[in-house]
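Enquirer:
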Amino acid sequence: MSRPKVLSHRLLPIAKSLSSGRSLTVRFPNLPWRKSSCQQHQALQSSWRRQFSAGKQRIVYQNTVSLTTAVAITVAVGASVGFAVGFSRAFNHPTTTEAPIPVSTQSSIDKMTGSVLPGRPGNLTPEQEAKLRELWQLALQVFGVAEPHTQQPTSPNGKTPILSRTSTATTTDVDLHAASEKKKKSRLSFFKKPMKEEEEYRSETPNGTISDMSTPSSVSDIANGMKDDKHGMANAFRAALAGTSPADIRTAFWDMVKHDHPDALLLRFLRARKWDVNAALVMAISALHWRAEDAKVDSDVILRGEQGMLDLTRSENPADKKEGEDFMQQVRMGKSFLHGVDKEGRPICYVRVRLHKPGEQSEASLERFTVYTIETARMFLRSPVDTATVLFDMTDFGLANMDYTPVKFMIKCFEANYPESLGTVLVHKAPWVFQGVWRVIRGWLDPVVAGKVHFTNNNDDLGEYMDKSTIPKELSGPNSWSYHFEEPRPGENDLMENEQAKIALLKEHELLSRQYEEVVKEWIASKSSHSTTEKMSQTAESSFRQQRDDIAELLRANYWKLDPYVRARTVYDRTGELKTPAPPAGSTAVERLAKQFSQSALQPPSHTSNRTSVESTAQSFATAKESWEDDLD
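Just so we're aligned, residue 1 is where the sequence shown starts under full-length UniProt numbering, counting upward by one.
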């Protein structure tokens, strides 16, 4: 009798029991094959027990087998996978082995109704608002916008000690204030201007500390003792403080904001770190360091784009030529592409796994293409949607397509550098051979990320996440749309060469970002003027929030005007799928900002005496505007 038949024979009593609805205990003798080997390992015998429930039926399987027999059983189960699956379907129960790939049975999805999701700007609890304020306080310190302070011991009344940027206790700490004087080149270096000294400010948290970790003596000490740092964020954080000027870190932050709300960007890191302020700061600075120094996202990937890679294919340098060809090969074949939205309004990124062949493109090219795709997907996000869906099309997948290196890079991107950007992951039509691969990958994933992965097998399954009418025909759907790469057009990036217009928009962006920081500092200072028992009034909190929202809207409008000067056009721009949002009605962002700060509606409550008046704020803005213009001249 062949091994598969033996296994089927042993399962027959169980099947009969299931069909009759009886409870049954089955004791098997040692299986007949490799009997001599089994006898040699009697000392290694073990008892195993499997419990299996479904409604009122309950089965217990018992057997005493040797270690070698257990291995033989495992081999037989693998050989009989077809029978096991059929058995499972026939009786509507799981098989005695692990299910190959579970199909998501989620009956409903959290529906977005247009309202702001929790933990986002406009929907924060008082505690979350306080955490955001604390993170801004530390971030501005790292950016060189806030003056360094010396830490004082935590007072008995529970007030939070103030962090200094430097510490004499270690030699690894960095004097951020001194570093800010370094003249390092950056895209906005000609806009940088020494900031006037700020009043000391404190931030208050419910437990009287900056975060859940032990209170550090300086910003650089925050990373000490970090737990769960599988992506090396603590080292990247220290490297950023040691090797990058505060001004350049600040520039990297505002470059990353793009059309997002500045608060929303920091809140991504807070949510990812479960509202631990210190851990969120480490993660944020680490991500900024990666963007600027490692991936060169803004200075290379999106700046050169598809046209830049196409130009490299004509290079006489073999390495450059290979880099360009590798990238263009991926974008032309549509290894991954963006199209449509799911039921939550999230843009969908389709990944055709069958098109990947390990070694066909260099690791650097694979990483570049991944970053290019993620950054392009960000361009499709429109508030309140702030995440995307990734659909892995596993049709015709084989182990020859499996490549763990780019998978690890993708995991790091979403877990460390683009936190809270992944809405859901759909693994479609995964063959049974993928179950072993999935076990490996699942072990690398953060539990939160792993919880977003769902397996689908047909259009009904996909219909839980996306409108069935939008399913592409290559996934057996009714939508006739198919991916086609349209080559870069001559002159499509000509605006990037218009330095005068670009500088004017960059100046406008700098003015807006500086004003945003000033409002944040006033928000922090206003909070510090209250005792630990006195809470800032809702009116005052709302006023600061409204001011930040107003400037964030102007920053968003400014970015879309700046976009064609700093981001090379993509296939989605050429086909019209990626459309630039219409700018808000009114004059230029700078003029609108001046008007906003002259409106009496933004007058702060009278009890916040430490805040500047609306008139002085408008005057300081006008003075700053003249100063920046003088710098440009």
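Even for Gly, the Cβ is constructed at its ideal location relative to N, Cα and C.
1) Please list, in chain order, all residues of the same chain as Q307 whose beta carbon is under 6 Å from its beta carbon, the five residues on each side excluded.
2) Could you check if Y404 is buried or exposed, using at least 16 other CB atoms within 10 Å of its CB as the buried criterion?
3) Taking the beta strand (DSSP E) that L422 belongs to, which residues open and close that run?
4) Look at A234 and M226 and say whether their C-beta atoms are less than 7 Å apart.
5) Could one say the Cβ of M226 lies closer than 7 Å to chain B's Cβ atoms, at least one of them?
6) State yes or no: is the C-beta of I249 within less than 7 Å of the C-beta of L281?
7) Between which two residues does the alpha helix (DSSP H) carrying L355 extend?
8) Taking a contact to mean a Cβ-Cβ separation below 7 Å, would you say T424 touches T389 in this structure?
9) Can you list, in chain order, the residues of its chain with a C-beta nearer than 6 Å to that of V257? Leave out the 5 residues immediately preceding and following it.
10) Pop quiz: H509 and L562 are said to be a contact at Cβ under 8 Å. What is the actual Cβ separation, rounded to whole angstroms?
11) In chain order, which continuous runs of the alpha helix (DSSP H) of length 4 or greater are located wholly inside the region 482-542?
12) Between the region 547-558 and the region 510-517, are three or more C-beta pairs nearer than 8 Å?
13) Only counting runs of 3 or more residues, tell me where the beta strand (DSSP E) segments fall wholly within the region 224-268, in order along the chain.
14) Pull up the distance between the alpha-carbon of G340 and that of A242, whole angstroms please.
15) How about F369 and Q329: are their beta carbons less than 7 Å apart?
16) Please confirm whether H356 and M394 have their CB atoms less than 7 Å apart.
17) Straight-line CA distance for L270 to T373?
18) Who are V142's beta bridge partners in DSSP?
19) Go through its chain and collect everything with a Cβ distance to A400's Cβ below 7 Å, but skip five positions before and after it.
20) Please determine if the region 433-442 and the region 461-476 are in contact, where contact requires at least 3 C-beta pairs separated by less than 8 Å.
21) Helix, strand or coil for V433, going by three-state DSSP, please let me know.
22) Rounded to a whole number of angstroms, what is the C-alpha to C-alpha distance between G451 and A279?
23) With distance defined between alpha-carbon atoms, name the residue in T376, S286, E375 and R442 nearest to V407.
24) Tell whether a beta-carbon distance below 7 Å holds between R378 and E486.
25) Looking only at its chain, what residues have a beta carbon closer than 6 Å to the beta carbon of D298, apart from the 5 residues adjacent to it on each side?
Expert: In short, the structure shows the following:
1) P488, N493 and A568
2) exposed
3) L422 to H428
4) yes
5) No chain B appears in this structure, which consists of one protein chain only.
6) no
7) Here L355 belongs to no alpha helix (DSSP H), and DSSP marks it neither H nor E.
8) yes
9) L265
10) 6 Å
11) 499-528
12) yes
13) none
14) 43 Å
15) no
16) no
17) 24 Å
18) None, per the DSSP bridge assignment.
19) none
20) no
21) coil
22) 22 Å
23) R442
24) no
25) D255
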